[in-house]
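Contents: one structure, followed by commentary.
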Amino acid sequence: MSAVLQLDKPRIRHSFAAASATYDGMAALQRRVGDRLLQWQREERWQGTLLDLGCGTGFLTGKLLRYPGLQRVVALDIALPMLQAVRSKWPSDDRLHCLCADIESLPLPADSVDGLFSNLALQWCCDAPLLFQHLHAIVKPGGRMLFSTFGPGTLQELKAAWATVDEHVHVNRFLGQEEIRESLQRAGWQHIELHRECNVSRYSGVLDLMRELKGIGAHNVNLGRRRALTGKGRLQRMIAAYEREHRDEGFIPATFEVMYVSAQAGDRR
């Protein structure tokens, strides 16, 4: 399967900008995964300049600022309101630099950062092979990249419920382990470690799940989506299918498959 996705970047920017006010109160999964990511590579000793890709409102940016070896943390996000939230939390920390940019169009020169960190953001990029090439170029040889991203099992229940309604794409497609590993290797990344785990969250109803996804900006952003696909009738049929297949003990489950990845930049000579 191709590692190139068709995503609507303007819609991604708008979704996350709109979610900046609600994100902190609803991003419990993102916090758990971010903490797990830091714990998974606990021995990592960040030095110099670290780029926090897709920082959101900065929950993990603040934890990264505690690393004594870091001289600079560059918090990057596609949505300006997210960065405004970051700056408001640490207004006087001169090691924090905010940059509003698309991860796939970084305005940074080669060998300009010592390390890369990203929590549940790279799945919003279209071209993984090209992305990993660009990231390999901006990080110094030997620099580490540590990131988490969603895998193809994410929201499998929601995807299956929509499949009973029509054949359109209602849930974003996410890359699998082999696609990620192969893309990294082709880009020159070495010493790749990949750990996969599934998180199952429970909700009182499907609408609660959908409200959370909206509250953190995680909409369906495939370019192939058609407007009005989620009309009232279709939505009701999808909810009925979800409830029929998955409701148990008063709750419905939602699976989030998470990939934790560590890699080291190879020598470009």
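Residues 1 to 269 (the numbering used here) are what the sequence shown spells out, left to right. Glycine included, every Cβ here is placed at the ideal spot set by N, Cα and C.
Boundaries of the beta strand (DSSP E) harbouring residue 260: 252-265, taken from the DSSP string. Looking at the DSSP output, residue 145 sits in a beta bridge with 116 and 263.
Assigned with DSSP and collapsed to three states, residue 41 falls in coil, not helix or strand. Using a Cβ distance threshold of 7 Å, residue 41 and residue 146 count as a contacting pair. If you draw a straight line from the Cα of residue 170 to the Cα of residue 233, it comes to about 15 Å.
As computed with DSSP, residue 70 is found in a beta bridge with 48. In this structure residue 194 touches residue 180 by the C-beta definition: roughly 7 Å separates them, less than 8 Å. Distance from the CA atom of residue 164 to the CA atom of residue 239, rounded to whole angstroms, is 10 Å. At the C-beta level, residue 50 and residue 33 stay beyond 7 Å of one another.
Between residue 267 and residue 109, the gap from beta carbon to beta carbon reaches 7 Å or more. 105 is the residue among 105, 118 and 155 whose C-alpha sits nearest the C-alpha of residue 137. If only complete runs of 4 or more residues are kept, the region 153-199 shows the alpha helix (DSSP H) at 156-163 and 177-186, in order along the chain.
With contact defined as three or more Cβ pairs closer than 8 Å, the region 53-64 and the region 86-95 are in contact. In summary, residue 151 is buried, with 16 or more beta-carbon neighbours lying within 10 Å of its beta-carbon over all protein chains present. Around the beta-carbon of residue 143, 16 or more other beta-carbon atoms lie within 10 Å, marking it buried. Counting only the Cα atoms, residue 149 lies some 19 Å from residue 265. Here residue 166 is exposed: its Cβ has fewer than 16 other Cβ atoms, across all protein chains shown, within 10 Å. Per the C-alpha coordinates, the member of 176, 185 and 94 positioned closest to residue 130 is 185. Residue burial is scored here from C-beta neighbours: residue 204 has fewer than 16 other C-beta atoms within 10 angstroms and is therefore classed as exposed.
Per DSSP, reduced to three states, the secondary structure at residue 99 is strand. Sequence-distant Cβ neighbours of residue 257 in its own chain, meaning closer than 6 Å and more than five residues away, are 151, 153, 154 and 198.
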